[in-house]
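These protein sequences, in sequence, are chains A and B. So for the first sequence, full-length UniProt numbering puts the first residue at 1; every next one is plus one. So for the second sequence, full-length UniProt numbering puts the first residue at 1; every next one is plus one. Presented below is the structure to which this report refers.
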Amino acid sequence: MTAQTDPQGTSWWRRNQMRAAPWLFLAPGIAFFALYVIIPIFQSFQISLYRWDGLGEARYIGLDNYDQLLDDAAFYTSLMNNVKWLVLYLLAIPGGLFIALFLNQQVRGIRLYKSLFFFPFVISQVVVGLVFAWFYNPSIGLLNPVLDLFGLGPMNVLGNPSTVTYGIIAAGLWPQIAYCMILYLTGLNAVDPDQVEAARLDGAKGLKMLWYVILPQLRPATFIAVVVTVIGALRSFDMISVMTNGGPFGSSRVLAYYMFEVSLSEYGFRMGYGAAIAVVLFLIMLVYIAFFLWRMWREEREG
Amino acid sequence: MFPTPVQQRSAAVQAGYTALLPIALILWLLPLLMVALFSIKPDTDFTQGNLWGWPTSFAGFENYARVFTDSAMPRYLLNSVFITVPTVIGAVALSCMTGFALGVYRFKGNIWLFFMFVAGNFVPFQILMVPVRELTLNLGLYDTRLGLVLFHIAFQTGFCTLFMRNFIRALPRELIEAARVEGVSEIRIFWYVVLPLMRPAIAALSVLIFTFIWNDYFWAVVLTQGVETQPVTAGITAFNSQFRAAYHMMSAGSIIAALPPVMMFFLMQKHFIAGLTLGAVK
């Protein structure tokens, strides 16, 4: 009893733990994160001002790397492809919603169907890329026999510069649609049945009901779907690397792939130039990151 | 419920729906089914142009066994395990602590630290690539599994912190307050009060991170090379050049490479989906 009331008997830790504890718990996480994520971002900005092959002496050249980007046709191809990815990848959201609506029933075995529709998302993008590369393959792929049934084709999706990016995006959409589907299935589960009934009594149905009653309630799911899809689109690397290596003639490169190619492949170790491409990609992403943080900040203030 | 349950529709609609389900599923999984079919065919089927027909003989066992005996695939799989499991443990452990600190304590800068973790998690990998590769080289960890693990732990801590912090925020604060009144130290509160309540979050995160890391390709290519260290996502390219144009083998190899996260998903489905859809409903 006396020990508890006696302030002399308590250690420094006992007196200050409320202030010290959060920093103690945060220290290892912050140290790791700073070392491997935060500091490297600034280092990349710095490296982008140098000419450096990764081994020898780095030479400061100011904004020359960025200047060079402006005249680099491959950079513009990559940027254009990023825009295509960004726009077309968003189709995963209506696609996922469509499948979610299709599967949101209670019939026998529906749980298994939902899992089987979802599981492409769990497969690595490398394998998805391989699977689709074979699917498109003109000599062994299933695509051309299927097209033939409809009197179309044959086509060599990945061998043609004007179709290759669309072919890879289609492959990327496959797991992404599955992801959006699961987000919407969860969202649909939480839709308020009373509101649906009330709207039904008012004569709402079909698309009207979807647009005015259901979709507003699915907004949290839509928000997350947009965030993960945009980030997925800008991160696209694995599939391009596996399916085409950026080809044919560099026509399927995106910024993420081009950056890797410039810095680490046989085309030479141009770290500074690669870092400049990465900075451009980062700045594009920053728009979305800022938007996401702003929304979170608003919610935090309300909550 | 939306759309209207089929049970409330006509018998024809119900029958149509049940018939449509398997057809839709087959169409959805068509590319994968093709690879699965390839993987059980003997190589003679490919030379004789029997691509889509029934396999002339079942060569499934043979093909899959060869993946394990005639290639470095077992080594790559083992590397994947030795990269994935420590990463899961490390990232979950670190984020239990950071999530606890950011979720429970009010202090200046809390929200900014939290935003730092969230923002870092969304950053494109390429902006980190050159410096992280340099750092790993300088630490003498280039082309080691440990080098890859350390980076993965650090990067995943961003997402995990977001996840854990929001989970802890939703826990009843009274429990912590009551323990404080009793004079329980903060460390014991973390260990004995909060950690047991975090079990579902730990399970969900573990399954998710396992999948993310198992499927990582970019960092595997950037930080490792060769059969001693590379995980299966990177190893599959070497495997495919070994079995160039032997589609039955490449198919079997791909399926094996993809299998562990798929199994993880089907075994831990509830946790997986709970983790993935956190925040999809308000």
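We put the beta carbon where it would ideally sit given N, CA and C, even for glycine.
For residue 56 (chain A), would you say it is in contact with chain B, using Cβ-to-Cβ distances shorter than 8 Å as the test?
By 1-based counting over the first sequence, the position of residue 56 (chain A) is 56. With 8 Å as the cut-off, residue 56 (chain A) does not count as an interface residue toward chain B.
Can you check whether the CB of residue 177 (chain A) is closer than 8 Å to the CB of residue 191 (chain A)?
Within the first sequence, numbered from 1, the residue matching residue 191 (chain A) stands at position 191. Within the first sequence, numbered from 1, the residue matching residue 177 (chain A) stands at position 177. Contact flag unset, no.
Could you tell me whether any Cβ in chain B is nearer than 8 Å to the Cβ of residue 8 (chain A)?
Numbered from its first residue, the first sequence carries residue 8 (chain A) at position 8. Legend: pLDDT at residue 8 (chain A) = 49, less than 50; position of this residue unreliable, value from coordinates given subsequently. Not closer than 8 Å to any Cβ of chain B, the Cβ of residue 8 (chain A) fails to qualify, so no.
Measure the alpha-carbon distance for residue 136 (chain B) versus residue 227 (chain A) and round it to whole angstroms.
Walking along the second sequence from the start, residue 136 (chain B) turns up at place 136. Walking along the first sequence from the start, residue 227 (chain A) turns up at place 227. C-alpha separation (whole angstroms): 30 Å.
In whole angstroms, what separates the C-alpha of residue 137 (chain A) from that of residue 66 (chain A)?
Counting from 1 along the first sequence, the entry for residue 137 (chain A) is found at position 137. Counting from 1 along the first sequence, the entry for residue 66 (chain A) is found at position 66. Approximately 38 Å, taken between the alpha carbons.
Residue 153 (chain B): contacting residues in chain A (beta-carbon distance under 7 Å):
In the second sequence, counting from the first residue as 1, residue 153 (chain B) sits at position 153. Correct list: 32.
Does residue 108 (chain A) come out as helix, strand or coil in the three-state DSSP assignment?
Taking the first sequence and counting its residues from 1, the one referred to as residue 108 (chain A) is at position 108. Correct three-state label for residue 108 (chain A): coil.
Limits of the alpha helix (DSSP H) - the one that residue 83 (chain B) falls within
The residue given as residue 83 (chain B) occupies position 83 in the second sequence. DSSP places residue 83 (chain B) in the uninterrupted alpha helix (DSSP H) bounded by 73 to 104.
Taking 8 Å as the threshold (beta carbon to beta carbon), is residue 8 (chain B) in contact with chain A?
Here residue 8 (chain B) refers to the residue found at position 8 when the second sequence is read from its first residue. Cβ-Cβ to chain A under 8 Å: no for residue 8 (chain B).
Comparing C-alpha positions only, which one of A:278, A:119, A:14 and A:22 sits nearest to residue 69 (chain A)?
For the purposes of this step, residue 69 (chain A) is taken as the residue at position 69 of the first sequence. It is A:278.
Does residue 79 (chain B) have its Cβ less than 8 Å from a Cβ in chain C?
Protein chains in the displayed structure are A and B, and chain C is not among them.
In this structure, how does DSSP classify residue 60 (chain A) when only helix, strand and coil are distinguished?
As a first step, residue 60 (chain A) is located in the first sequence; it is residue number 60 there, counting from the start. Reduced to three states, the DSSP call for residue 60 (chain A) is strand.
Just to confirm before moving on: does the CB-CB distance between residue 26 (chain B) and residue 33 (chain B) stay below 8 Å?
Taking the first residue of the second sequence as position 1, residue 26 (chain B) is located at position 26. Taking the first residue of the second sequence as position 1, residue 33 (chain B) is located at position 33. With contacts defined as CB atoms closer than 8 Å, residue 26 (chain B) and residue 33 (chain B) qualify as a contacting pair.
Which residues of chain B have a Cβ atom closer than 7 Å to the Cβ of residue 289 (chain A), listed in chain order?
For the purposes of this step, residue 289 (chain A) is identified with residue 289 of the first sequence, where counting begins at 1. Residues of chain B passing the Cβ test: 119 and 122.
When the Cα atoms are used, what is the spatial distance from residue 232 (chain B) to residue 166 (chain A)?
Translated into the one-based positions of the second sequence, residue 232 (chain B) becomes position 232. Translated into the one-based positions of the first sequence, residue 166 (chain A) becomes position 166. Approximately 27 Å between the Cα atoms of the pair.
Length at least 3, wholly inside the region 26 to 57 of chain B: the beta strand (DSSP E) runs in chain order
none
For residue 248 (chain B) and residue 267 (chain B), the rounded distance between their alpha carbons:
Counting from one through the second sequence, the residue named residue 267 (chain B) turns up at place 267. Counting from one through the second sequence, the residue named residue 248 (chain B) turns up at place 248. Going from the Cα of residue 267 (chain B) to the Cα of residue 248 (chain B) covers about 28 Å.
Give me, in chain order, the residues of the same chain whose beta-carbon lies closer than 8 Å to that of residue 249 (chain A); leave out the 5 immediate sequence neighbours on both sides.
Residue numbering aside, residue 249 (chain A) sits at position 249 when the first sequence is read from its first letter. For residue 249 (chain A), where only same-chain residues beyond five positions count, the Cβ hits under 8 Å are 161.
Partners in chain A for residue 158 (chain B), counting only beta-carbon separations shorter than 9 Å
Numbered from its first residue, the second sequence carries residue 158 (chain B) at position 158. Neighbours of residue 158 (chain B) on chain A, chain order: 33 and 37.
Hey, residue 41 (chain A) and residue 49 (chain A) are a contact pair by Cβ (cut 8 Å); roughly how many whole angstroms apart?
For the purposes of this step, residue 41 (chain A) is taken as the residue at position 41 of the first sequence. For the purposes of this step, residue 49 (chain A) is taken as the residue at position 49 of the first sequence. Not confirmed; about 14 Å, so no contact.
Would the beta-carbon of residue 194 (chain B) fall within 8 Å of that of residue 168 (chain B)?
Here residue 194 (chain B) is taken as the residue at index 194 of the second sequence, counted from 1. Here residue 168 (chain B) is taken as the residue at index 168 of the second sequence, counted from 1. Taking 8 Å as the Cβ cut-off, residue 194 (chain B) and residue 168 (chain B) qualify as a contacting pair.
I'd like to know whether the C-beta atoms of residue 156 (chain B) and residue 65 (chain B) end up nearer to each other than 8 Å.
Position 156 of the second sequence, counted from the first residue, corresponds to residue 156 (chain B). Position 65 of the second sequence, counted from the first residue, corresponds to residue 65 (chain B). Their beta carbons are not under 8 Å apart, which means residue 156 (chain B) does not touch residue 65 (chain B) by this criterion.
Pick out whichever of A:169, A:154 and A:153 has its Cα sitting closest to the Cα of residue 129 (chain A).
Residue mapping note: residue 129 (chain A) aligns to position 129 of the first sequence, counting from 1. Residue 129 (chain A) has its Cα closest to that of A:169, out of A:169, A:154 and A:153.
How would you label residue 12 (chain A), buried or exposed, when you count the other beta carbons within 10 angstroms and need 16 or more for buried?
Taking the first sequence and counting its residues from 1, the one referred to as residue 12 (chain A) is at position 12. Counting Cβ neighbours within 10 Å, residue 12 (chain A) comes out exposed, since fewer than 16 surround it.
Go through its chain and collect everything with a Cβ distance to residue 74 (chain B)'s Cβ below 8 Å, but skip five positions before and after it.
Position 74 of the second sequence, counted from the first residue, corresponds to residue 74 (chain B). The residues are 68.
Could you work out which residue in A:183, A:202 and A:29 is closest to residue 151 (chain B) when comparing CA atoms only?
Residue 151 (chain B) sits at position 151 when you count from the first residue of the second sequence. With respect to the C-alpha of residue 151 (chain B), the residue from A:183, A:202 and A:29 having the closest C-alpha is A:29.
Run through the DSSP bridge pairs and tell me what residue 51 (chain A) is partnered with.
Translated into positions along the first sequence, residue 51 (chain A) becomes position 51. Answer is A:59, bridged to residue 51 (chain A).
Would a check of beta-carbon distances place residue 257 (chain B) closer than 8 Å to chain A?
To locate residue 257 (chain B), count along the second sequence from 1; it is residue 257. Yes - at least one Cβ of chain A is within 8 Å of the one on residue 257 (chain B).
Skipping 5 residues on each side, what residues in its chain have a beta carbon closer than 7 Å to that of residue 129 (chain B)?
Residue 129 (chain B) sits at position 129 when you count from the first residue of the second sequence. Only 222 meet the Cβ criterion.
Within 8 Å (strictly less), CB to CB, does residue 294 (chain A) reach chain B?
Taking the first sequence and counting its residues from 1, one reaches residue 294 (chain A) at position 294. For residue 294 (chain A), the answer is no, since every Cβ of chain B falls outside 8 Å of its Cβ.
Mind listing the chain B neighbours of residue 15 (chain A)? Cutoff is C-beta to C-beta under 9 Å, in chain order.
Mapped onto the first sequence, residue 15 (chain A) falls at position 15. Under the 9 Å cutoff, chain B gives no residues; its nearest Cβ is about 12 Å from residue 15 (chain A).
Taking 8 Å as the CB-CB cut-off, is residue 181 (chain A) touching chain B?
Within the first sequence, the letter at position 181 stands for residue 181 (chain A). It does not: the Cβ of residue 181 (chain A) has no partner Cβ on chain B nearer than 8 Å.
Cβ neighbours of residue 77 (chain B) in the same chain (closer than 6 Å, five flanking residues each side left out):
Taking the second sequence and counting its residues from 1, the one referred to as residue 77 (chain B) is at position 77. So the list reads 232, once near-sequence residues are dropped.
I need the straight-line Cα distance from residue 222 (chain A) to residue 296 (chain A), nearest angstrom please.
Here the question's residue 222 (chain A) lines up with position 222 in the first sequence. Here the question's residue 296 (chain A) lines up with position 296 in the first sequence. So the alpha carbons of these two residues sit roughly 15 Å apart.
Kindly provide the ranges of any alpha helix (DSSP H) runs that are 4 or more residues long and lie completely inside the region 131 to 218 of chain B, ordered along the chain.
DSSP runs (the alpha helix (DSSP H)) wholly in the region 131 to 218 of chain B: 145 to 169, 173 to 181 and 199 to 214.
Which of helix, strand or coil DSSP assigns to residue 11 (chain A):
Within the first sequence, residue 11 (chain A) is the residue found at index 11, counting from 1. Coil at residue 11 (chain A), not helix or strand.
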